[in-house]
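Chemist: For the record, the sequence lines run as chains V, S and X. Just so you know, we're using the working numbering here: the first sequence kicks off at 307 and counts up by one. Just so you know, we're using the working numbering here: the second sequence kicks off at 6 and counts up by one. Just so you know, we're using the working numbering here: the third sequence kicks off at 108 and counts up by one.
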Amino acid sequence: MSDNILEVKNLKLYYETRKGIVKAVDNVSFTLKRGETLAIVGESGCGKSSMAKAIIRLLPRNVHTYSGEVFFDGKDIMKYDDNRFRREVRWRKISMVFQGAQNSLNPVLKVGFQIAEPLMIHEGLKKEEAIKRAREALKLVGIHEAFIDRYPFELSGGMKQRVVIAMALVTRPEILILDEPTSALDVITQANIMNLLKRLKKEFNFTYIFITHDIALSSELADKVAVMYAGEIVELASAEVFYGEPNHPYSRKLMASVPTLRTDKKLEFIPGAPPSLINPPPGCRFAPRCPFAMDKCKEEPPVYNLDEGHFVKCWLFEEKR
Amino acid sequence: MSSAGMEYSLKGILREVLSYKSGLFGILLLIFLVVLSIVTIITIPYNTAINLWRGEEGIWLENPKNAQPVWVKYIVGKNLPENIVLDSKKAGTIGITKALTEIPGTDFKKVYMEFTFTYDYDDFPSEVNIFFDAKYTKNAPILKIYIIKPGGIKVDLTNYILRKPDDILYLSINPIVSQNLLIHASSVVGKQLEEELPIEMALFAVEDESLANVGTLKVLKGVYKIVIEGTLFGKESDVDAKVVIYGKVWGWAGTDHMRRDLGIALLWGTPVAMSFGLTASLMITILHLSIATISGYYGGWVDSLIQRLTEIYMIIPFLPFLIMIATFYKLDIWILLAVIIVLSIFGGGIKSTRALVMQIREYPYIEAAKVYGASNLRIIFLYIIPKILPPVIPGLIGAVPSYVFLEAGLSFLGLGDPYLPTWGKVINDAYNNGALYKGYYYWVLEPAFMLILTAFAFSFLGFALDKIVNPKLREV
Amino acid sequence: MSEDNVLLKVVKLRKWFEMRKGLFGEVMYLKAVDGVTFDLNKGEAISLVGESGSGKTTLGKTILRLREPTDGKIIFKGKDITHLPNDKLFWYRREASLIQQDPFGALPAHFTISKIIEEPLIIHKMGDKEERRERVYKALEEVRLTPVEDFASKYPHMLSGGQMQRVAIARALVLRPSLVIADEPVSMLDASVRIEILTLLRELQDRLKISFIYITHDLATTRYFSEWIFIMYAGHIVERGLTKEILRNPLHPYTKALLSAIPDPDPENRKKFRDVPPGEPPSLINPPPGCRFAPRCPFAMDKCKEEPPEIEVSPKHFVKCWLYA
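1) Strictly below 7 angstroms CB to CB, what residues from chain X border Lys375 (chain S)?
2) Based on DSSP bridge pairs, tell me the residues matched to Leu286 (chain X).
3) Leaving out five residues on either side along the sequence, give the residues of the same chain with a beta carbon under 8 angstroms from the beta carbon of Gly366 (chain S).
4) Kindly indicate if chain S contains any beta-carbon less than 8 angstroms away from that of Glu74 (chain X).
5) Return helix, strand or coil for Ile576 (chain V), following the three-state DSSP convention.
6) In three-state DSSP terms, what is Asn511 (chain V)?
7) Please report how far the alpha carbon of Leu348 (chain S) lies from the alpha carbon of Thr332 (chain S), in whole angstroms.
8) Runs of 3 residues minimum, wholly inside the region 214-257 of chain S: which ones carry the beta strand (DSSP E) assignment?
9) Provide the residue(s) that pair with Ser221 (chain X) in DSSP beta bridges, ordered along the chain.
10) What is the DSSP secondary structure of Met108 (chain X), counted as helix, strand or coil?
11) Output the distance between the C-alpha atoms of Lys604 (chain V) and Asp529 (chain V), rounded to the nearest integer angstrom.
12) What do you reckon, are the CB atoms on Leu115 (chain X) and Leu147 (chain X) nearer than 8 angstroms?
13) I'd like to know if Lys504 (chain V) contacts chain X, where contact means its C-beta is closer than 8 angstroms to some C-beta of that chain.
14) Against chain X, which members of the region 506-518 of chain V pass a CB distance test of less than 9 angstroms?
15) Report yes or no: is there a C-beta of chain X within less than 8 angstroms of the C-beta of Pro565 (chain V)?
16) Hey, how far is the Cα of Pro58 (chain X) from the Cα of Ser356 (chain V)?
17) Output, in sequence order along the chain, the residues in the region 201-232 of chain X whose CB is closer than 8 angstroms to any CB in chain S.
18) Give the DSSP-derived three-state secondary structure of Ser335 (chain V) in the structure shown.
19) Taking Cβ-Cβ distances shorter than 8 angstroms, what residues in chain S pair up with Phe258 (chain X)?
20) Counting only beta-carbon separations shorter than 8 angstroms, does Phe380 (chain X) have a partner in chain S?
21) If you reduce the DSSP assignment to three classes, tell me which class Arg393 (chain V) lands in.
22) Can you list, in chain order, the residues of its chain whose CB lies under 6 angstroms from that of Val22 (chain S), leaving out five sequence neighbours each side?
23) Mind pulling the chain V residues with CB within less than 7 angstroms of Ile369 (chain X)?
24) For Leu441 (chain S), does the count of other Cβ atoms within 10 angstroms reach 16, so buried, or fall short, so exposed?
25) Do Pro396 (chain X) and Glu417 (chain X) have their CB atoms nearer than 8 angstroms?
26) Using alpha carbons as the reference points, say which of S:Leu401, S:Thr298, S:Thr163 and S:Ala413 lies closest to Ile135 (chain S).
27) Is Glu313 (chain V) closer than 8 angstroms to Lys399 (chain V) when the C-beta atoms are compared?
28) If you follow the alpha helix (DSSP H) that Tyr549 (chain V) is part of, which residue opens it and which one closes it?
29) Run the CB neighbour count on Asn88 (chain S), radius 10 Å, all protein chains shown included, and call it buried at 16 or more, exposed below.
30) For the region 297-322 of chain X, which residues have a beta carbon sitting closer than 9 angstroms to at least one beta carbon of chain S?
31) Spatial neighbours of Gln208 (chain X) within its chain, please: CB distance less than 8 angstroms, with the 5 preceding and 5 following residues excluded, ordered by chain position.
32) Output yes or no for whether 8 angstroms exceeds the beta carbon distance between Glu541 (chain V) and Val469 (chain V).
33) Where does Asp409 (chain X) sit, in a helix, a strand or coil, going by DSSP?
34) Is Val347 (chain V) helix, strand or coil by DSSP?
35) I want to see whether chain X comes within less than 8 angstroms of Glu21 (chain S), judged by CB atoms only; does it?
36) Of the choices S:Gly256, S:Ala404 and S:Ile55, whose alpha-carbon is the least far from that of Gly282 (chain S)?
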């Protein structure tokens, strides 16, 4: 257990809105070993982006509840106050690559400066030193050093994404959260970026939390897969189990709805829609759409541990403990 | 999705507006003003108002000049005097007696009118006048007027021969009366006094040494009698007198320098201000909307032309131009409205609406409409304008106060409609008659208050609407 | 493929956009579609596959005459519609319709669902109020938005993404067009909803015998949708043929790169690197002559500086590449 770099226990993130309380992350728990990649998959609105924000504590103003324990290398970082979190954790230990990152580069600052900035802020480096590190970071992500002095508009989409990845790892974090890092990129560029991430993982033993709705893409990096539905993790399994024979009815339906290029398979779709995160129905949240729903599902199912590091939140697995 | 969450029904919007405190406040004020306007127009029709305001035929003569509103009494704490009107035509009512006796064997008649009243105010009246209504053929009546103050003190005021049948005796500025009162005061005080006392004060002052000086006069409360007696000539002759003792307070709004009831101006100012402001804002908004839509949708040279025109308009200084025009031409209020609209046709609002139109033009659903064959006009009116209306409406409502203030400002400068009773005109009169210097604060404060009320009504409503329409300002 | 079975003929179609630097600068051309030729039969479905910037969306919009072609011809049902002015295209608007990518933006938020679907009928003066209402209800049933009375009176913001797209589909089909162009109809929808919508589209296409051009960047969905695939790269169609054939035996280096770039869900993926060419699609502004893929192509030769012709390598399987000359 001691090589668990991250242990999340009972994490909750609720937002307050005029329409009610949105339970975006509702009592989520998982562990992650050093160098492992956890893919968090789910449909839009299931809470996976909120999960990322909860871990790295980038919260909006209308937070209602933010609780739980997050152990980084054995220390509960949830207990840190905001200042300490900013100084010691964010971008030092845990970094993030955002969704739609191409648009989160500052158009009026040079690329080099933007990569160097986290160093100047978090490590207090002088500008020259920071720019030197920025050059190294650019090389690392496969961009020529000369781009240090370019502006974001001079770069293509794929290059901008690489810059954002460089920004995230210039402070040498241990965990990298990637939130849909290749959305809006074309397929070949996407494959190139995935190759880069694979190379970085091999070279530096990064721990990734890879958030995506694209199941096929998640298999490019995932050692473990967590399936989120309506704010909860309904299954967490190893890649072999998940992409082969997942357990939770939702996971199975999800896998069955992914079109494959190389194999001929009959596609299924899931009727209905995910529930709103405001006042979700009691009991199992997937029950209304589940082909195996029973009476018991009116009660919230507990989490059953099937194997080492494999759990399911579903009444169907009651006996299999 | 947040603006998509908006209800498009009127009821839905109303409900949303009311959920904001500012919206609730604004709507309540607005309802009040609208009701006020309607009631005013019904009870005091336009022509009546204009006539009243011109003050012809001595309509206002029985009102005190520059009297404060009656409720000031309660603020100041003093029981300020109100108007007392005693009419001999109402002889037989309490306090008024009239006796007309013929002298047998002659053409003469003797007349005796007695007016009794209680005066228990804390302050002196502002004026005293006597209005006569006499009937005679050749010779006017000869009258003697005196006053009996509480305690039985009789003071002769004057002898008077009517100059015409509807003569008015301005008692408080009559030099003979003044002299007589001075003599009387000297005798009371015991020494010869040099300075004449204000008549309306001396008539009601305590009879002691305090009569020596204006500053020391005190009000004598009690029962007074004013007597007018005299001789009439001619068998058919008759005379009636109306004694008016003018108070210092009158009505709920007070009076101005022409004795006009300010309430009329305040009331009538409401529908004028509302319709002026709303019409100006509405017309200008519709113009801007149409021009911006055409400019933004069609693009090309039409767009360039309109934008250059707009820029030229934006450079022209609006207010100086307006003042210039108003100074050269005597404008009535509706022509003024037209001038303002013409000077605003290509205003700055066009640019932002046009930007919005250009944005909407690129939306997928516009493209879809083109694919299924919708004509440009159909797209503009059914697809684009309903989308740009919501952001435009808070601006429309919020702009109303500026037009109201514009009209008020012009009236204040004396450039507005000279005959219409508007709030700005009232402030103009007040200023020209030194209201603040003389301490007639109510004259300025009342129209100012109405202006502010109107501004609040529309502004608060505009703020609430703005929050609803602009998703970023919404309270989450 | 007999002549009167052909619905749409596109011949050497070009669509260039003029870009000018400033008022007096040099003129550059963004060559979004640069020489496309193909036939589409009645009732057939094509998947037009390409990445963003390949020109596929411009091709679709040009075929719909939302844009006027710069060169070449578009012949629909035997009529040359290439340069017809807008007022002469009214009949074509009934025949060809569009399903767009963004379901949120494709529906006017201030119309009810029934009004949205009714609009095309009103514009083309089809029937009276009663008849139109019937057709709207029927359209809603076809896309399985039931109970129809409920949905008819709702507003778009009350629907989910998938439901909105169904409304867009209903609107596109209500005039019973002969040609539908669907521009990335499911890429903004959730993964689990995509299959539902694509299945629905396929069913309707099959039953109503409508010709479809399905524009997408997701190659994996094409096998579930169309008989034919056209692969588009930088304004050119570089390969076209039967779906099964192309997926089994891709010929153009770009097609091969696409196929090797797309993952299937497989736990082994994380252990290997994908063999894909580096770089990104070229800019379409004043592109250099010759094959557009050459800069990234592992098989590039000198000859590739000349634009390759389209070669029929096997029946109905065309490639635009010197490797097959």
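Idealized CB from N, CA, C, for every residue including glycine.
Modeler: According to the data block:
1) Along the second sequence, one-based indexing puts residue 375 (chain S) at 370. Leu173, listed in chain order.
2) Counting from one through the third sequence, the residue named residue 286 (chain X) turns up at place 179. Per DSSP, X:Ala203 and X:Ser318.
3) To locate residue 366 (chain S), count along the second sequence from 1; it is residue 361. A small correction: the amino acid at residue 366 (chain S) is Arg; Gly does not occupy that position in the sequence shown. Here the set comprises Gly301, Tyr302 and Ile389.
4) Since the displayed chain X opens at 108 and closes at 432, residue 74 (chain X) lies outside it and no answer follows.
5) Along the first sequence, read from residue 1 onward, the residue named residue 576 (chain V) stands at position 270. Under the three-state reduction of DSSP, Ile576 (chain V) is assigned to coil, being neither helix nor strand.
6) Looking up residue 511 (chain V) in the first sequence gives position 205. In this structure, Asn511 (chain V) counts as coil in the three-state DSSP scheme.
7) If you number the second sequence from 1, residue 348 (chain S) lands on position 343. If you number the second sequence from 1, residue 332 (chain S) lands on position 327. Linking Leu348 (chain S) to Thr332 (chain S) through their CA atoms gives a straight-line distance of about 16 angstroms.
8) 227-238 and 243-251
9) What you label residue 221 (chain X) is simply residue 114 of the third sequence in a count that begins at 1. In DSSP, Ser221 (chain X) forms no bridge with anything.
10) Your numbering for residue 108 (chain X) matches position 1 in the third sequence. Bear in mind that the predicted position of Met108 (chain X) carries a pLDDT of just 45, short of 50, making it unreliable; the figure below should be weighed with that in mind. In this structure, Met108 (chain X) counts as coil in the three-state DSSP scheme.
11) Along the first sequence, read from residue 1 onward, the residue named residue 604 (chain V) stands at position 298. Along the first sequence, read from residue 1 onward, the residue named residue 529 (chain V) stands at position 223. Cα to Cα, Lys604 (chain V) sits roughly 33 angstroms from Asp529 (chain V).
12) What you label residue 115 (chain X) is simply residue 8 of the third sequence in a count that begins at 1. What you label residue 147 (chain X) is simply residue 40 of the third sequence in a count that begins at 1. Yes; because the gap between Cβ atoms is below 8 angstroms, this pair is in contact.
13) If you number the first sequence from 1, residue 504 (chain V) lands on position 198. Yes, contact with chain X.
14) Per Cβ criterion, the list reads Lys507.
15) Position 259 of the first sequence holds residue 565 (chain V). Chain X, which has a Cβ nearer than 8 angstroms to the Cβ of Pro565 (chain V), makes this yes.
16) There is simply no residue 58 (chain X) to check, as chain X begins at 108 and stops at 432 in what is shown.
17) Taking a C-beta cut-off of 8 angstroms against chain S, the contacting residues of the region 201-232 of chain X are Arg201, Ala203, Ser204, Leu205, Gln207, Gln208, Asp209, Phe211, Gly212, Ala213, Leu214, Pro215, Ala216, His217, Glu226, Pro227, Ile230 and His231, listed in chain order.
18) Within the first sequence, residue 335 (chain V) is the residue found at index 29, counting from 1. Secondary structure at Ser335 (chain V): strand, using DSSP grouped into helix, strand and coil.
19) Sequence index remark: in the third sequence, residue 258 (chain X) carries index 151 (1-based). Simply none; closest approach about 17 angstroms.
20) Locating residue 380 (chain X) in the third sequence gives position 273, where the first residue counts as 1. No, its Cβ sits nowhere closer than 8 angstroms to a Cβ of chain S.
21) Taking the first residue of the first sequence as 1, we reach residue 393 (chain V) at position 87. DSSP places Arg393 (chain V) in helix when its eight states are reduced to three.
22) Against the second sequence, residue 22 (chain S) aligns to sequence position 17. Exclusion of the five residues before and after Val22 (chain S) leaves Gly28 and Ala469 as the residues of its chain whose Cβ lies within less than 6 angstroms of its Cβ.
23) Numbered from its first residue, the third sequence carries residue 369 (chain X) at position 262. In chain order: Val493 and Leu567.
24) Start at 1 with the first residue of the second sequence, and residue 441 (chain S) comes out as number 436. Its Cβ having fewer than 16 others within 10 Å, Leu441 (chain S) is exposed.
25) In the third sequence, the residue the question calls residue 396 (chain X) occupies position 289. In the third sequence, the residue the question calls residue 417 (chain X) occupies position 310. It is not a contact, given that the beta carbons lie outside the stated cut-off.
26) Reading the second sequence from its first residue, position 130 is the one you call residue 135 (chain S). Cα-wise, what sits closest to Ile135 (chain S) is S:Thr163.
27) As a working mapping, residue 399 (chain V) is identified with position 93 in the first sequence. As a working mapping, residue 313 (chain V) is identified with position 7 in the first sequence. Not in contact: Lys399 (chain V) and Glu313 (chain V) (Cβ atoms no closer than 8 angstroms).
28) Taking the first sequence and counting its residues from 1, the one referred to as residue 549 (chain V) is at position 243. Ala545 to Gly550 is the extent of the alpha helix (DSSP H) around Tyr549 (chain V).
29) Here residue 88 (chain S) corresponds to residue number 83 of the second sequence, with the count starting at 1. A residue is called buried once 16 or more other Cβ atoms fall within 10 Å of its Cβ, and Asn88 (chain S) is buried on that count.
30) Listed by position, the residues of the region 297-322 of chain X near chain S (Cβ gap below 9 angstroms) amount to none.
31) To locate residue 208 (chain X), count along the third sequence from 1; it is residue 101. For Gln208 (chain X), where only same-chain residues beyond five positions count, the Cβ hits under 8 angstroms are Asp290, Glu291, Pro292, Ser294 and Met295.
32) For this step, residue 541 (chain V) is matched to residue 235 along the first sequence. For this step, residue 469 (chain V) is matched to residue 163 along the first sequence. The answer is no: Cβ separation not under 8 angstroms.
33) The residue labelled residue 409 (chain X) in the question sits at position 302 within the third sequence. Looking at Asp409 (chain X) - three-state DSSP - the assignment turns out to be helix.
34) Here residue 347 (chain V) refers to the residue found at position 41 of the first sequence. Of the three classes helix, strand and coil, the one that applies to Val347 (chain V) here is strand, per DSSP.
35) Indexing the second sequence from 1 puts residue 21 (chain S) at position 16. Not one chain X Cβ lies under 8 angstroms of Glu21 (chain S).
36) Within the second sequence, residue 282 (chain S) is the residue found at index 277, counting from 1. If we check each option's Cα against that of Gly282 (chain S), S:Ala404 comes out closest.
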